[in-house]
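Student: Got a structure for you, written out below as structure tokens; questions coming shortly.
Protein chains: 2
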Amino acid sequence: MALIEKENGITVLRPAGSQTPPRTWRSWFIGRPLATADAPHQTIGKLVGLAVFASDALSSTAYATQEILFILAVAGTASFGYAFPISVAIVALMAIVTISYEQTIHAYPNGGGAYIVSRDNLGELPAQVAGAALLTDYILTVSVSVSSGVAQITSAYPALFEHRVAIAVIMVMLIMLINLRGVKESGITFAIPTYFFLLMMFLTVGIGFFRYLTGSLGAVPNPPELELHGMAQPVTLFLLLHAFSSGTAALTGIEAVSNGIPAFKEPRSHNAGVTLIWMASILGTLFLGITFLTGQIGGIPSETETIISQLGRTIFEGRGFFYLAMIAATAVILIMAANTAFADFPRLSALMAGDGFLPRQFTYRGSRLVYSRGIIALAIIASLLIVVFQASVSALIPLYAIGVFLSFTLSQSGMARRWWRSGHLAANQTVSEHGSTLHYDSQWKLKMVINGFGAVCTAIVMLVFAVTKFRDGAYVVILLIPFLVFIFWSIHNHYRHLAKRLSLRNFRGAPPRHPRHRVILLVGGVHQGTLAALRYASLLSDDITAIHVSTNPEESERVYRDWEWWGNGVRMVILDSPYRLLLEPLLSYIDQIDACRQPNEIITVVVPHFVPRHWWHNLLHTQTTFWLRMVLLFRPGIVITEVPYQIE
Amino acid sequence: MALIEKENGITVLRPAGSQTPPRTWRSWFIGRPLATADAPHQTIGKLVGLAVFASDALSSTAYATQEILFILAVAGTASFGYAFPISVAIVALMAIVTISYEQTIHAYPNGGGAYIVSRDNLGELPAQVAGAALLTDYILTVSVSVSSGVAQITSAYPALFEHRVAIAVIMVMLIMLINLRGVKESGITFAIPTYFFLLMMFLTVGIGFFRYLTGSLGAVPNPPELELHGMAQPVTLFLLLHAFSSGTAALTGIEAVSNGIPAFKEPRSHNAGVTLIWMASILGTLFLGITFLTGQIGGIPSETETIISQLGRTIFEGRGFFYLAMIAATAVILIMAANTAFADFPRLSALMAGDGFLPRQFTYRGSRLVYSRGIIALAIIASLLIVVFQASVSALIPLYAIGVFLSFTLSQSGMARRWWRSGHLAANQTVSEHGSTLHYDSQWKLKMVINGFGAVCTAIVMLVFAVTKFRDGAYVVILLIPFLVFIFWSIHNHYRHLAKRLSLRNFRGAPPRHPRHRVILLVGGVHQGTLAALRYASLLSDDITAIHVSTNPEESERVYRDWEWWGNGVRMVILDSPYRLLLEPLLSYIDQIDACRQPNEIITVVVPHFVPRHWWHNLLHTQTTFWLRMVLLFRPGIVITEVPYQIE
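Chains as they are written, first to last, in the working numbering: chain W, -8 to 639; chain H, -8 to 639.
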């Protein structure tokens, strides 16, 4: 039985059946439902924090070098020497972005993703642009990381190459299921693979350098063939910038820490900041090391064997235990990077839905307290991309980093504007907005310059990226982002308009009771179901008209005679339908009534509906009410009521 | 405005809008809607009757010879000499069936198809078997005839061979559209192609015989290659029976006249009977002539060139004007044969639906007064068969004639039983049933023997067919027909059960008015839509409970406070939902109310529903009512009412 409790002076009923977790077939896949009160509140330290938030950023070392070489390849292998200087430029950019984000972390202790920072400091339109860029970016993170992870596996086991698309899609589905279960980010599950990856990468790079210094590092044995279409082109500035753009994929994921600040132990801004700097340092070191060594061994970019695999089998001399361990570590960290997007995408889409820019359904938490709709949407779109691009990292990369750099630019511009505003506050004035507080900062000029410089750098990179990669596919994203912003805006308009129309503010109060209630009872034939509907109709009003649409005069006469006997004196109107239509004569009749309707008079159309024993029995009956509802829905003051009559 | 008229003492309203033909996008395809009163009543004479009803039967001469040769081919070309004796046996069988049907035509002046004859004389189960056999047969008529028609075209234009499936499906769709328009069987449209075909065939066969007799008829120049899989097998009795079975396809369509008797001018039975005999004579002559000449020229059965095409280019010496005219005439008559099935299938399915063995929807006549659902169903199934069997006549033939012979057997057994009953009536006694009258017939013994002999012959042929063609595909039909009968029977049971449950016979009268009417108003949030629903609810009853399902305590408190102000004093119950579900707590609550409900008390659940300006805006809202309706549908005494609130 129901428990009744008082909460804040409000009586709350707890119906017996709804207080235990419901069991459905879904429980088998994703575990038993969790109550709202079960939401975990858990914080993590720096070491675990690094493991949780770094996988996305660190995993990009698995493909960034290779993507630079892919572009340089059009100028022949001689141009591969430019890869290292390009990497140095990318690491310098990484340092600028890191310092800039370090400031964001301290200003936004509750989490400062590009969407929030833009919304707070630049306004709604830039925030939606950032949102569109980030959502695109998260989707591509899943596609690129999983594709790259699968590429590592197929490098080790070339026989699997032809099944790469299927393997990648299955992996996305598995990650989706895991996220629908809602992994408690327990740290240990993340820490083991991340630190295993770091161990293997430092071991690889360390042994590589040792062998380079001792002169025992040779070239790649049996390197994959370089695919050259036509003559080798000259090395141009455009080509170098193009290669640089591809390499900037290394920066993706660097913003993850700033989204996750609330997960850190106190002092959380400090801990998150330190974690960010560690992460950037490790990322820069590994990226430079890998690029340098790749140049030394003469690695060749290829769809069938990754640079990481070539590096591994050169340094470890063959596909032995260490090689396999390194490939496994790389594949796992890439899959984990995809997992990061599965945390970020649903969180951001719920945030945007809460602001009314995405369908409200994205804010609902599923049975396991996760934003299930966001998770499923991400999995579907990322899988589609994998199928369309045949799990090719090089094909996906041109779509990728532009969203990242757009969000970097907006986030840092927002921070620069914030510092400017902070500099114009009085010394002890505090402005509180959206959960972050703004107060006077004596160092505002320096901080503004740092974030501003970051914004300018990333904006330039974004432009370089857009120009050099336009034809490779970047145009898709350049067109997509404004389109997404338009969609978000339309959704927002709909909700705002609705809220205004439904609002009780300035509402003059309800009009008086409807003075008249007319009931129209549809009669197809006279049987027990009709009589049940008549009984229900007579509960509603004394003004009932039974309507029979006549397509066959003999049948109508029978209905009329039966009604005379069974119809309880309710008047019946026969509507002639020469074209054997059902809805149209009825609508014409309602039109006539409508024309002389009094204000506030309401019409209820009662439709008898027999409910067969099995749903598929409905195939044996016409579904008139469905169409009637569709047509009458848009007319004010008309309500349709189906009176079910259960057979059995 | 509405016209009001009295018809048979019943007032009939003619709402203004529904008295003119409605114009929709469909009118463009199938013409303006026709009023029920527009149904044509037109009768035809023998010459036109032959054209209308003979196309199906005559067209089988286009493939019957070829199908015999296909089977004999496994024994090598030497065995082709057996084709002519086999044809003679088939023509003898045709004579027996014709005489047998001649008697049916006189006994059933209102149309005596196998379904009606079986139903009247053998009972419901045999009738359903006949119905299943005939429906299968009509579908195959479309697939086989169109495939054969396309094969004639690709024989003349081999380049089209690879597009044969697409061409065949497009043709089926065109025939469907024409039938949805509802061709008035105006005679002339049928007469021209049928008589053109007869002219061309008699010309071909005539010139062929002339050249044969004058010794100038050579062999086929460049005949298609005979595909022989493995060694030539010996000629066995089984092989000859197998070839005979294939050739019986020539008999398909011979029953068409007996379905169409009401279309003939009076004396209709006489006219129809004479037409049947003409038709059978022409069919037999042509079939024998074609088979004989094919043997003389050494025609080779082939998927790429039909026997008719080989005959044509041998007799007319090349692909000249006469050859092309003959091929065109053959292709057109085959397409018209398919058109015959488009008249028969919808008519029979409407008849069976009227008897309650198929979904009632098949009895509805569309805007053009034709049974549109039957026409569409036939087109879809026949197209599927064409795609599955790649428009190959030889692959479809094993499925074909078994249904035809099953219906022949049932029809003639029914007639035999009828004569037996007629012989046991008193001289002036008349039994009237289903629109046909049975009276004493002095020649009943002779007539019974004729029909009985026909039944035995066709039953034997059916068995031979089933055995010899079992593995070629006949097993599909042998399994399908009992399955279809089972489906028909289940549908019938459903309708019968429903009618019994709804029947007012032995109904003790309606129970008294519901003593209490409880209204449950679902409140998600308090806004103008909610208040409109509250206003409606208070029209229904004074016993209203507003229910709010709480997934978020803060929101619930806001709703509760707003309700205190706006809720007009209606009591509100807050249902706690710890698992964030909406339906389950509500259902638990209704369960509780249900448990202590008085007899005849009724519950109405009122759900506010805002109607957005555009239907796709619904994607931005959850569709709770839909699921609520699904769940509550099966509970007696609960009605769900959505109160629409139009935004705009």
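No residue lacks a Cβ here, since even glycine has one placed at the ideal position from N, Cα and C.
Rounded to whole angstroms, what's the CA-CA distance from residue 520/W to residue 366/W? Just pull it up for me.
Tutor: Between residue 520/W and residue 366/W, the C-alpha separation is close to 45 Å.
Student: May I ask you to list, following chain order, the residues of the stretch 517 to 529 of chain W that have a beta carbon less than 9 Å from some beta carbon of chain C?
Tutor: Considering every chain present, this structure includes no chain C. Its protein chains are W and H.
Student: Within the same chain, show all residues whose beta-carbon is closer than 6 Å to that of residue 214/W, passing over the 5 residues directly before and after it, in chain order.
Tutor: So the list reads 291, once near-sequence residues are dropped.
Student: In chain order, which alpha helix (DSSP H) runs of at least 4 residues are fully inside the stretch 584 to 608 of chain H?
Tutor: Listed in chain order, nothing qualifies, since the stretch 584 to 608 of chain H has no complete alpha helix (DSSP H) run of 4 or more residues.
Student: By the three-class DSSP mapping on this structure, what secondary structure does residue 575/W have?
Tutor: Residue 575/W falls in the helix class under three-state DSSP.
Student: With DSSP as the reference, label residue 633/H as helix, strand or coil.
Tutor: Three-state result, residue 633/H: strand.
Student: If you compare alpha carbons, which of 568/H, 154/H, 442/H is closest to residue 411/H?
Tutor: It is 442/H.
Student: Return the residue from the list 495/H, 539/H, 512/H, 81/H that minimises the CA-CA distance to residue 597/H.
Tutor: Of the listed residues, the one whose Cα sits closest to residue 597/H is 512/H.
Student: Mind checking if residue 625/W is an interface residue toward chain H, Cβ cutoff 8 Å exclusive?
Tutor: So, interface residue.
Student: What residues in the stretch 599 to 613 of chain W bring their beta carbon closer than 8 Å to a beta carbon of chain H?
Tutor: Within the stretch 599 to 613 of chain W, the qualifying residues are 601, 602, 603, 608, 610, 611, 612, 613.
Student: Taking only runs that begin and end inside the stretch 281 to 318 of chain H, name each unbroken alpha helix (DSSP H) of 4 or more residues, in chain order.
Tutor: Runs of the alpha helix (DSSP H) inside the stretch 281 to 318 of chain H: 298 to 306.
Student: Taking just the CA atoms, how far does residue 248/W sit from residue 94/W?
Tutor: Cα to Cα, the separation comes out at about 12 Å.
Student: Go to residue 3/H, then tell me how far its beta strand (DSSP E) extends in each direction, as first and last residue.
Tutor: That run of the beta strand (DSSP E) goes 1 to 5.
Student: For the candidate residues 633/W, 608/W, 46/W, whose alpha-carbon lies nearest to that of residue 352/H?
Tutor: Comparing Cα-Cα distances from residue 352/H to each of 633/W, 608/W, 46/W, the minimum goes to 608/W.
Student: When the cut-off is 8 Å and only beta carbons count, does residue 389/W lie next to chain H?
Tutor: Residue 389/W does not count as touching chain H.
Student: If we define contact as Cβ-Cβ less than 8 Å, is residue 485/H a contact residue for chain W?
Tutor: True, the Cβ-Cβ gap to chain W drops below 8 Å.
Student: Residues of chain W with CB under 8 Å from residue 10/H, in chain order?
Tutor: In chain order: 567, 569.
Student: Would you say residue 594/H and residue 558/H are within 8 Å of each other, going by their C-beta atoms?
Tutor: Taking 8 Å as the Cβ cut-off, residue 594/H and residue 558/H do not qualify as a contacting pair.
Student: Can you find a C-beta in chain W that's less than 8 Å from the C-beta of residue 233/H?
Tutor: No, no contact with chain W.
Student: Are the beta-carbon atoms of residue 459/H and residue 261/H separated by less than 8 Å?
Tutor: Their beta carbons are not under 8 Å apart, which means residue 459/H does not touch residue 261/H by this criterion.
Student: At a CB distance below 8 Å, what residues from the stretch 547 to 566 of chain H approach chain W? Give them in sequence order.
Tutor: The stretch 547 to 566 of chain H vs chain W, Cβ under 8 Å: 547, 548, 551, 553, 557, 559, 564, 565, 566.
Student: Using 8 Å for Cβ pairs, my map puts residue 573/W next to residue 622/W. What's the rounded Cβ distance?
Tutor: The Cβ separation is near 11 Å, so there is no contact.
Student: Here's a check: name, in chain order, each residue in its chain whose Cβ is nearer than 8 Å to the Cβ of residue 73/W, leaving out the five neighbours to either side.
Tutor: Here the set comprises 63, 226, 231, 234.
Student: Confirm, please, whether the CB-CB distance from residue 218/W to residue 104/W is below 8 Å.
Tutor: Not closer than 8 Å, so no.
Student: Return helix, strand or coil for residue 227/H, following the three-state DSSP convention.
Tutor: In the structure shown, residue 227/H sits in coil (DSSP, three-state: anything other than H, G, I, E or B).
Student: Ordered along the chain, which non-local residues of its own chain (more than five positions away) have a Cβ less than 7 Å from that of residue 80/W?
Tutor: So the qualifying residues of the chain are 235.
Student: As a quick exercise: from 91/H, 350/H, 36/H, pick the residue whose alpha carbon is nearest that of residue 480/H.
Tutor: Minimum Cα distance to residue 480/H is reached at 350/H.
Student: Excluding the five sequence neighbours on either side, which residues of its own chain have a C-beta within less than 7 Å of the C-beta of residue 258/W, listed in chain order?
Tutor: Correct list: empty, nothing qualifies.
Student: Can you say whether residue 434/H is buried or exposed, counting buried as having 16 or more other CB atoms within 10 angstroms of its CB?
Tutor: Per the 10 Å Cβ criterion, exposed.
Student: Quick check on residue 430/W: does DSSP put it in helix, strand or coil?
Tutor: In this structure, residue 430/W counts as strand in the three-state DSSP scheme.
Student: Does residue 3/W come within less than 8 Å of chain H when only Cβ atoms are used?
Tutor: It does; some Cβ of chain H falls within 8 Å.
Student: Who are the neighbours of residue 7/W on chain H, taking C-beta pairs under 9 Å?
Tutor: The contacting residues are 579, 582, 583.
Student: By a C-beta neighbour count over all protein chains shown, 10 Å radius and 16 as the cutoff for buried, is residue 243/H buried or exposed?
Tutor: Flag for residue 243/H reads buried.
Student: Based on the DSSP secondary-structure assignment, which residues constitute the bridge partners of residue 421/H?
Tutor: DSSP lists 430/H as partners of residue 421/H.
Student: Along chain H, in chain order, which residues have C-beta atoms closer than 9 Å to that of residue 593/W?
Tutor: Neighbours of residue 593/W on chain H, chain order: 526, 527, 530.
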